[in-house]
Amino acid sequence: MLSYEEALREVLAQVPEPKVVRVPLQKSLGRVLAHPVLADLDLPPFKKSFMDGYAVRSQDTATAPVKLEVIGVVAAGRSSQPQVEAGEAVQIMTGAAVPPGADAVQMIEKTRPGGAETVELLEPVIPGENVAAQGNEVRQGETVLISGRELGAAEVGVLATFGHKEVEVYAAPTVAVIPTGDEIVEVEEKPAFGQIRNSNAHTLWAQCHNLGLNAQVFPVTPDDPERTRDVVSQGLQYDLLLFSGGVSMGEYDYVHRILEEEGVSIFVQKVAIKPGKPIVVGRKGDHLIFGLPGNPVSAFVTFELFVRPAVRRWMGFQSPCLPSVWGELTAETRQKPGRKFFKQARTFWKGDQYRVEPIETRGSADLVAFSLANSLMVLEADVTHLPAGERVEVLLLDNYFDEGNKDETHSRG
-1 MLSYEEALRE VLAQVPEPKV VRVPLQKSLG RVLAHPVLAD LDLPPFKKSF MDGYAVRSQD
59 TATAPVKLEV IGVVAAGRSS QPQVEAGEAV QIMTGAAVPP GADAVQMIEK TRPGGAETVE
119 LLEPVIPGEN VAAQGNEVRQ GETVLISGRE LGAAEVGVLA TFGHKEVEVY AAPTVAVIPT
179 GDEIVEVEEK PAFGQIRNSN AHTLWAQCHN LGLNAQVFPV TPDDPERTRD VVSQGLQYDL
239 LLFSGGVSMG EYDYVHRILE EEGVSIFVQK VAIKPGKPIV VGRKGDHLIF GLPGNPVSAF
299 VTFELFVRPA VRRWMGFQSP CLPSVWGELT AETRQKPGRK FFKQARTFWK GDQYRVEPIE
359 TRGSADLVAF SLANSLMVLE ADVTHLPAGE RVEVLLLDNY FDEGNKDETH SRG
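So this is what it looks like as structure tokens:
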């Protein structure tokens, strides 16, 4: 049985090489850039004004206050520009190109009307004052975004600035979510005795959606070897297969055996963690296959610990795993030793540090209690008891950031 760290290394080592796709700019948010982006022009592309005011020759203002003749007005986007000669000024707007002959801009607050077609400058300006030189931000041909960069709102703006209507990013894998088990019924059905509704498929779909994946949810596959074989064949039309259930050692757990018979190379079979020991991970060609436990909390946790890092590595992210922080326990927590425990918790910022509130559940099927958690507390295999006030590591789930997590006086920032 592998340790968590060993299993994670195996999973990440088996992730196929990411593919590159071209997507429209408005669909690039949250994706990872596949190639560097170079500036196709200087930025700014011309000498421009930082202020509303008057474009002048700085030497004409040395004896300010001085009156200058106003020979025109230049607004942003205007291409025609008058030549500024000695004793002249041009009224200019913020962002407009500085006309030829002028080497500075005096802000309007330091001027006053000087009479018919004149302006009085109350203070002198120095060369370059309130003027952005052409290319002082970026020169044509410079790298403005490196490959591997995650595209946020600012990066999308940079792409637009340099003329990219489309952009090449790493592709998201296609995903099949395959629930299994004779006891599983669809969500709209009323379960009979011994049956449960199909929560796992929808939970896994939502977790995929959080990663930017459009997962295809299959109908429930019964515990039958031939039906399992058929669905494996269908699932291999997708890049990533997520089975829920059928991976334990029971008489009717067929997924592991059928995967091997269908040529899937299994490299993870059990992991010394709880919840989630009975997990199977394999690969066939460029297909990655996860057999997740059937218990809802176990399926959720193993997705976050193993599927999420694999998907993010596949999509080119440099940091594929859940973010972690250290915080102070608000109450004691206990566990049975033997396996590394990823225990549900609510983490929040209070005062000057993270606080971690353990959430007790009634087992690995207690999804209702687990829904209160926004993080996973990491307890090593030999830990049996931690008192309140002890510092612990926690992995932050996606909903940690959705909740805001701040107290009345201080935010995490």
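-1 is the number of the first residue of the sequence shown in this note's numbering; add one for each residue after it.
We put the CB at the ideal spot given by N, CA and C, even for glycine.
Keep in mind that this is a model prediction, so the values were computed, not measured.
Checklist entry - Less than 7 Å between the CB of Thr178 and some heavy atom of the ligand FAD, yes or no? => result Ligands in the displayed structure: none, and consequently the ligand FAD is not present.
Checklist entry - Quick one: what does DSSP say His254 is sitting in, helix, strand or coil? => result What you label residue 254 is simply residue 256 of the sequence shown in a count that begins at 1. Here His254 sits in helix by DSSP.
Checklist entry - Cα separation between Gly161 and Val35? => result Counting from one through the sequence shown, the residue named residue 161 turns up at place 163. Counting from one through the sequence shown, the residue named residue 35 turns up at place 37. For Gly161 and Val35, the distance between alpha carbons rounds to 10 Å.
Checklist entry - If you run the structure through DSSP and keep just helix, strand and coil, what is His162? => result On the sequence shown, residue 162 is found 164 positions in, with the first residue counted as 1. It is coil, neither helix nor strand.
Next on the checklist: Report the CB separation of Val323 from Leu257 in whole angstroms; it is logged as a contact under 8 Å.
Outcome noted: On the sequence shown, position 325 is the one that residue 323 refers to. On the sequence shown, position 259 is the one that residue 257 refers to. Their Cβ separation, rounded to whole angstroms, is 36 Å, which puts Val323 and Leu257 out of contact at 8 Å.
Checklist entry - At what residue ranges does the segment 356 to 384 contain a whole run of the alpha helix (DSSP H), taking only runs of 4 or more? => result 365 to 368
Item to check | Residues bridged to Gly289 [DSSP beta-bridge criterion] | outcome: As a position in the sequence shown, residue 289 is number 291, starting the count at 1. Phe241 and Val278.
Checklist entry - Where does Val154 fall in DSSP's three states? => result Position 156 of the sequence shown holds residue 154. In this structure, Val154 counts as helix in the three-state DSSP scheme.
Checklist entry - What does Pro177 pair with, by DSSP beta-bridge criteria? => result For the purposes of this step, residue 177 is identified with residue 179 of the sequence shown, where counting begins at 1. DSSP lists Ser242 as partners of Pro177.
Item to check | Alpha-carbon to alpha-carbon, His254 and Phe368 | outcome: Locating residue 368 in the sequence shown gives position 370, where the first residue counts as 1. Locating residue 254 in the sequence shown gives position 256, where the first residue counts as 1. Their backbone Cα atoms lie some 27 Å apart in a straight line.
Item to check | Beta-carbon gap between Val117 and Met49 smaller than 8 Å | outcome: In the sequence shown, residue 117 corresponds to position 119, counting from 1. In the sequence shown, residue 49 corresponds to position 51, counting from 1. Result no, Cβ atoms of Val117 and Met49 do not sit closer than 8 Å.
Next on the checklist: Is there a C-beta anywhere in chain B that falls below 8 Å from the one on Val245?
Outcome noted: Note that chain B does not occur in the displayed structure, where there is just one protein chain.
Checklist entry - Buried or exposed: Thr219, going by 16 or more other Cβ atoms within 10 Å of its Cβ? => result Here residue 219 refers to the residue found at position 221 when the sequence shown is read from its first residue. Thr219 is buried by the Cβ-count criterion.
Next on the checklist: So, under 8 Å CB-CB, Arg29 and Val230 are touching, yes? Tell me the CB distance rounded to an integer number of Å.
Outcome noted: Within the sequence shown, numbered from 1, the residue matching residue 29 stands at position 31. Within the sequence shown, numbered from 1, the residue matching residue 230 stands at position 232. Not confirmed; about 30 Å, so no contact.
Checklist entry - With C-beta atoms as the reference, is Leu290 less than 8 Å away from Phe301? => result Position 292 of the sequence shown holds residue 290. Position 303 of the sequence shown holds residue 301. It is a contact, given that the beta carbons lie within the stated cut-off.
Checklist entry - Exposed or buried, Gln163, counting other C-beta atoms within 10 Å across all chains shown (16 or more means buried)? => result Within the sequence shown, the letter at position 165 stands for residue 163. Position check: residue 163 holds Lys in this sequence, whereas Gln was assumed. Flag for Lys163 reads exposed.
Next on the checklist: Pull the bridge partners of Val30 from the DSSP assignment, please.
Outcome noted: As a first step, residue 30 is located in the sequence shown; it is residue number 32 there, counting from the start. Val30 pairs with Glu148.
Checklist entry - Where do the ends of the alpha helix (DSSP H) carrying Val230 lie? => result The residue given as residue 230 occupies position 232 in the sequence shown. Its alpha helix (DSSP H) spans residues Pro223 to Gly233.
Checklist entry - Since Pro307 is in the alpha helix (DSSP H), which residue starts that stretch and which ends it? => result On the sequence shown, position 309 is the one that residue 307 refers to. Its alpha helix (DSSP H) spans residues Arg306 to Trp312.
Checklist entry - Name the DSSP beta bridge partners of Pro22, please? => result Your numbering for residue 22 matches position 24 in the sequence shown. Its beta-bridge partners are Glu164.
Next on the checklist: DSSP three-state label for Ala11, please.
Outcome noted: Numbered from its first residue, the sequence shown carries residue 11 at position 13. Correct three-state label for Ala11: helix.
Checklist entry - Just curious, the beta strand (DSSP E) that Val269 is in, first and last residue? => result Here the question's residue 269 lines up with position 271 in the sequence shown. Val269 -> no beta strand (DSSP E), and no H or E assigned at all.
Checklist entry - Ends of the beta strand (DSSP E) at Val392? => result The residue given as residue 392 occupies position 394 in the sequence shown. Segment Arg389 to Leu394, the beta strand (DSSP E) holding Val392.
Checklist entry - Between Asp180 and Gly274, what straight-line distance do the alpha-carbon atoms span, to the nearest angstrom? => result Position 182 of the sequence shown holds residue 180. Position 276 of the sequence shown holds residue 274. If I take the Cα positions, the gap works out to 21 Å.
Checklist entry - According to DSSP, which residues form a beta bridge with Pro111? => result Taking the first residue of the sequence shown as position 1, residue 111 is located at position 113. DSSP output for Pro111 lists Val117 as bridge partner(s).
Checklist entry - So, is Ala32 buried or exposed, given that buried needs 16 or more other C-beta atoms within 10 angstroms? => result Taking the first residue of the sequence shown as 1, we reach residue 32 at position 34. Its Cβ being crowded by 16 or more others within 10 Å, Ala32 is buried.
Next on the checklist: The alpha helix (DSSP H) that contains Val185, what's its start and end?
Outcome noted: Translated into positions along the sequence shown, residue 185 becomes position 187. Per DSSP, Val185 belongs to no alpha helix (DSSP H) and is neither H nor E.
Next on the checklist: Quick test of your reading: Phe304 and Phe315, contact by CB under 8 Å. State the CB separation rounded to the nearest angstrom.
Outcome noted: Numbered from its first residue, the sequence shown carries residue 304 at position 306. Numbered from its first residue, the sequence shown carries residue 315 at position 317. The Cβ separation is near 15 Å, so there is no contact.
Item to check | Classification of Glu121 by the beta-carbon crowding that lies within 10 angstroms, buried from 16 upward | outcome: As a position in the sequence shown, residue 121 is number 123, starting the count at 1. When all chains shown are included, Glu121 counts as exposed.
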